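Contents: one structure, followed by commentary.
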Amino acid sequence: MGSSVPALSALNGPTYVTAQTLIQQVAYLLSDKIFSYSPETFDLDAALKEWISKAETNANGESPSVKALETRQGAGSMALGYLFSQDFDLKKRHIPQGIVASSATLPYMRAALEQLSLLYSVASPVAAHVAAVDYAGEDGLVSDYASALSLAEDLGLGLVSSGSAHESQHMALFTTLLSSVLPSIHIYDGVRVGRDTTRVIDVLDKDGLTRAYETVRKTLDESRNRHLDAEGKVLDLLKSLNGELGTDYGAFEYHGHSEPTSVLIAFGTVEATLTAQIARSLAKDGVRVGVVNVRVYRPFIEEEFLRVLPQSTQTVAVLGQVVSEQAVQEDGIHSALYEDVLASLTFATGREHNPACVEIKYPRSQRWDLISIAAAFQRVYDQPILIANGETNASLQLLDPASVQEYTFWDVDTSVTEGAAQTLSQALGADSASNVTLSQTHDNLVQGGAIRVDIRKSAKIVDAPYAVTAAEVSYVGNLSLLNDVDVLASVKDNAKVIVNAPGINDEDLEKKIPASFKQSVAQRGISLYVLDSSAVDDSSLNALVLQASFVRVALPAQETLATKKLASITGNAEALDNVTKDLEKLLRQIEVPESWKEPEGITEAVELPKDIIANSFVSFDKDESEPPTLLKDWETAARGLAFKEAYGTKTALRPDLAHKTFTVHVKENRRLTPTTYDRNIFHIEFDLGETGLKYDIGEALGIHAENDPEDIKKFIEFYGLDPDAIVEVPSREDPAVLENRTVYQALIQNVDIFGRPPKRFYEALAEFASDEKEKANLLILGGPDGATEFKRRAEVDTVTFADILLEYPSAHPEFHEIVRIIGPLKRREYSIASCQKVTPTSVALMIVAVNWVDPNGRDRFGLATRYLSRLQAGSPITVSVKSSVMKLPPKSTQPIIMAGLGTGLAPFRAFVQHRALEKAQGKEIGAVLLYMGSRHQREEYCYGEEWEAYQEAGVITLLGAAFSRDQPEKIYIQDRMRQTLPEIIQAYIREEGAFYLCGPTWPVPDVTAVLEEAIATEAKNTGKKVETRKEIEKLKDEERYVLEVY
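Quick note on UniProt numbering: the sequence shown kicks off at 1 and runs consecutively.
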């Protein structure tokens, strides 16, 4: 049990296996060729590759060809090309072609599938087995059915869903049969159900699967079936398959009360399992609800759907997946399933009354469990479902605690826990009377990589496609996880929890455990055990220590038998026996004091998430090793340039940069402040030419600045470098790709030689010091003892990498080592001060030059601002575009309130230009309130004439300028805002405007206080009670309170 691939011959009868493996078995045995679009960590083709490597034969007596392909534009073209190739063996035309992919691939396959659909009458059967899984940023891995539903509807493809791991082999077989009628997709949950290891009782082996396929396939050729339409053939195939397998599958399947008033319609693996289970459970208590699970979505057989839907139904609620939360909120967007069901009900005949049809939309990121599914039923049923007699409805407790044991394991992914838990699940499943399910979750954003392993054991088959919430025993391998996740949310009251705390005594343990954890342990009667794995000298025994501890705590009455089973699996009986004997000194139970029920600090506790988020299928790759950089002669580089094909050479603009870059030219560079003033604020504008650079309002321009040539020449001279030597640098995008440039070019464009060194630089440099005193000093500066001196150097002296190399002459790494230990130059980002719709061929910035004098009297400069301030008209520069939170509200009539300090005015110049354009086009625009802050009006009233012209033209409604040092009392931007509070109330609250602040962080509390004052004043005027802080948070969520501060 776990991640290993079983032999093809081992798939037979009762077997521990994943649904994903069973689906690959069907594709392997019944296909001529298999085209795989599996991301490396998804393992959608892991079994296929294993079997092909062993030359396993399929139903046709051959080893099918498996082509691993990339998910990208044009995916599917190779499969299409093979099907219609002149070299295609026509004798194999009746043999299906297989595709394994994730739903993330489907949009890229649309063009190929559309072609296939049009030419299908002359093509081989094609069956695609698709894992409903995609990666969606912060939401992690999501079950994506929407892509398949949309594609099947648009292109007329067959679409079949598996309801559980126990059905997956049968539905893969049915889809392959259906592909003889039309190109078909078999979809299944790829986030959890498809990957869980569980015991499937009736697995068909190679001969059984082949026999079932051939028997059912022949029915399509019978004369009575030849003239059926696609819908008729689907029903006939299902009937024949049921007869062959002894099953009762239907295109639509009803579960629940015999005379329901409210019925859900659901599609998807987890959705089908949970809705059916809850509907049946509620029906036993007389609750008149039910569910129709859609097994075959395309073709959508309306007559069959209406036949299955009970006549008593008054309300039909369609559980329909849409792409995003935004689509859930949009009234005009409907799920594909809802539109089909609505059409069927609208034109239905022969019913006493047509039920009302409502839609319950949910995004791909929805994670269904018992409560959320019950809540869906509750939305269309007028009697309480979730709560009965003041408590959670017992009908929602689907797993019998007396017959189902549940366990959870939590740890960081560098531990032995994942493998140890897999071994324990094998031991628990060694008894043929038991059924064990193993589920693993990886969250690579918690503690640098966290894992959760769930194990369920029962006498009967259990379909529970959701996380364990009532574990009898839970193991926590790392104390730090208690600060990130509420692990006790997964255990039942009076459970047992084992915490691994190596080398920590009870007194220190109490200090390290969070207050909320202590309170929950005490109030819920949880038994707490502490494991000290450090008491074992041999760290290789850590997995055995965990397993032995778990067995003792979880299975005390069966410890001897369970230990024997473990020993037979691990093959290390003697070591396991020794560890078990030592448990008395490794494992101890903590006496939970009464004071834990109300521990100190509990009032400040923040509610933790109850689970980690699955955002990967594997542990985070923490290998940060870099290939060495090499110096080489110019002849080698010249050969690479002269014979590009032989050396695999490619020419690229700034290949060292990870961003898409453009070369633009300076159009204008003018100072906005007087030359006599100590602050140089300047306006710089770039001509975009034919670059194709596009930017949106509020975005930032990334400046890829260069080091000063004179400073670089001085460094090269004192360090003794050859400026024309060639250096070979691994690409940041792909370390296997090597980039070539001269030492001079690398120092100008790549190496941040005048940047501020972090602590690790001192430590790295110490390795090269030949002088023992210098070496010792560098190690101190790189360690905890040198913290104060390091801080002074960084913040007061503002030393650079070059300064340190000059200070410690015995530490003289070669140049290729310098490239390795000194970070690359980073782009500097500046808010764009122009609107491209107004100035389509240019982009403008507003910059303040950064300079200072250090304690040694040396002039210091900000790299990018110095570089920009010196550029002359016509100078080329490398730039890129960065997105931003600063976006105009969706409606032009929504007011905008802007507060900018100094160069923080830059994005607001673009905002105002855009509103002025809209007004010139005859559009109605909302109020524009602009507040600006600087020191002196005479020197720093930047773009002042523009602002006043816009105000005169009626674009800017209110101009509130605060010049803090032009009068005896200081006047700041928040003062100008408070003076115009009625205007802010009107624009911001009554007219639902958006507020923006750009500039330094210090005014944020004061400016926010003014907005809270406006909210409170309006609430008082309207007789409402509000919590101003919560209102600000709400406005933030609505993108009506936007900060870009630094």
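Where a beta carbon is used, it is the ideal one built from N, C-alpha and C, also for glycine.
These numbers come from a predicted model, not from an experiment.
When the five nearest sequence neighbours on each side are left out, the beta carbons in the same chain lying within less than 6 Å of the beta carbon of Ile99 are those of Phe35 and Ala128, in order along the chain. According to the DSSP assignment, Leu583 belongs to the alpha helix (DSSP H) that extends over Leu583 to Leu586. Between Ala374 and Leu319, the CB-CB gap reaches or exceeds 7 Å.
Bridge partners of Thr15 according to DSSP: Val200.
Contact annotation, Arg280 with Phe252: C-beta distance approximately 16 Å; criterion of less than 8 Å not satisfied. Of all C-beta pairs linking the region 227-241 to the region 137-155, fewer than three are shorter than 8 Å, placing the two stretches out of contact. In the structure shown, Gly429 adopts coil according to DSSP, grouped into three states. Among the bridge pairs identified by DSSP, Thr878 is matched with Thr663. Around the beta carbon of Thr275, 16 or more other beta carbons lie within 10 angstroms, which makes this residue buried. Rounded to whole angstroms, the gap between the alpha carbons of Lys923 and Ala953 is 14 Å.
Taking each of Thr18, Ala75, Gln73 and Ala59 in turn and checking the Cα distance to Ala47, the smallest one comes out for Thr18.
With fewer than 16 other Cβ atoms inside 10 Å of its own Cβ, Arg965 counts as exposed. Bridge pairing for Val1042: Tyr996 [DSSP].
Straight-line spacing of the CA atoms in Val358 and Ala317 works out to 5 Å. Taking every protein chain shown into account, the CB of Gly81 has fewer than 16 other CB atoms within 10 angstroms, so this residue is exposed. Annotation for Glu948: no beta strand (DSSP E) segment contains it, though the alpha helix (DSSP H) segment containing it runs Gly944 to Glu952. With contacts defined as CB atoms closer than 7 Å, Ser619 and Gly449 qualify as a contacting pair.
Under DSSP, Arg828 takes part in a beta bridge, and its partners are Ile703. Secondary structure at His255: strand, using DSSP grouped into helix, strand and coil. Looking at the backbone, the Cα of Ile896 and that of Ala916 are separated by about 13 Å. Between Leu806 and the set Gln872, Lys887, Ile716 and Arg820, the nearest pair of CA atoms involves Ile716.
Ranked by Cα distance from Ala430, the options Thr469, Leu561 and Arg364 are led by Leu561.
Bounds of any alpha helix (DSSP H) do not take in His442; it lies within the beta strand (DSSP E) bounded by Asn435 to Asp443.
Cβ neighbours of Val485 within its own chain (closer than 8 Å, five residues either side excluded): Trp410, Val446, Ala450, Leu608, Pro609, Lys610, Asp611 and Ile612. Classified as exposed, Thr41 has fewer than 16 neighbouring CB atoms from the shown chains inside 10 Å of its CB. Bounds of the alpha helix (DSSP H) holding His170 are Ala165 to Leu178. Counting of Cβ neighbours within 10 angstroms places His353 among the exposed residues, the total staying below 16. In the three-state reduction of the DSSP assignment, His914 falls in the helix class, which pools H, G and I. The C-alpha of Leu141 is placed about 41 Å away from the C-alpha of Ala794.
Lys694 and Leu157 have their C-alpha atoms some 38 Å from each other. In the structure shown, the three-state DSSP call for Arg935 is coil. Sixteen is the threshold: since fewer than 16 other Cβ atoms of the shown chains lie within 10 Å of the Cβ of Val122, the residue is exposed. Residue pairing by DSSP puts Asp859 in a beta bridge opposite Val853. For Gln383, the CB contacts under 8 Å within the same chain, skipping 5 residues up- and downstream, are Val287 in chain order. Assignment of Trp596 by DSSP, reduced to helix, strand and coil, places it in the helix class.
Inclusion of Val436 and Leu428 in the CB contact set at 7 Å is warranted, their separation being smaller than that value.
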